[in-house]
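In this note's numbering, the protein residues as written are 43 to 179.
Below, the structure written as structure tokens:
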């Protein structure tokens, strides 16, 4: 499985997990108790506080079992994909290091080949010089 495919699946799962977590966040258990605006310097502040009903305590509503199961399944799938992505990334890093080593080796072989070609050319010139007839004086 390629790292781009794993990353794409992870992105899809996170987008699917988004609406579920938003539903959980909007549940009454996740909301804060609204505080009434009260200004102690205002003459109506203390009266407003006395006359306003106390907010009811937040009621904890656990998520539905099927939502909990979906969340658990998505979390497990995300964790699995993240592990696969890490393995794939490690393999890609190792392959990259191997390619860098191979490139370095190819460059050094290319440099050595150029040296040998230059040496070969010098030898040919020497041989040409030695085998050419001596011009008359």
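All residues carry an ideal CB built from backbone N, CA and C; glycine is no exception.
Check: Helix, strand or coil: which one does DSSP assign to residue 138?
Finding: DSSP, reduced to helix, strand and coil, places residue 138 within a helical segment of the structure shown.
Checklist line | Simplified DSSP assignment, three categories, for residue 107 | finding: In this structure, residue 107 counts as helix in the three-state DSSP scheme.
Next item on the list: Compute the beta-carbon to beta-carbon distance between residue 48 and residue 116, rounded to the nearest angstrom, for a pair I have assumed lies under 8 Å.
Entry: At roughly 15 Å, the Cβ-Cβ gap does not stay under 8 Å, so residue 48 and residue 116 are not in contact.
Margin query: So residue 131 and residue 45 are supposed to be a Cβ contact under 8 Å. How far apart are they, rounded?
Written below: Your pair residue 131 and residue 45 checks out as a contact, with CB atoms roughly 6 Å apart and the cut at 8 Å.
Note to self: Please report the distance separating the alpha-carbon of residue 143 from that of residue 151.
What the structure shows: C-alpha separation (whole angstroms): 12 Å.
Notebook entry, point to check: So, using beta-carbon positions, are residue 105 and residue 113 closer together than 9 Å?
Noted result: Taking C-beta atoms as the reference points, residue 105 and residue 113 count as a pair closer than 9 Å.
Item checked: Rounded C-alpha distance that separates residue 169 from residue 156 -> In a straight line, the C-alpha of residue 169 is about 20 Å away from that of residue 156.
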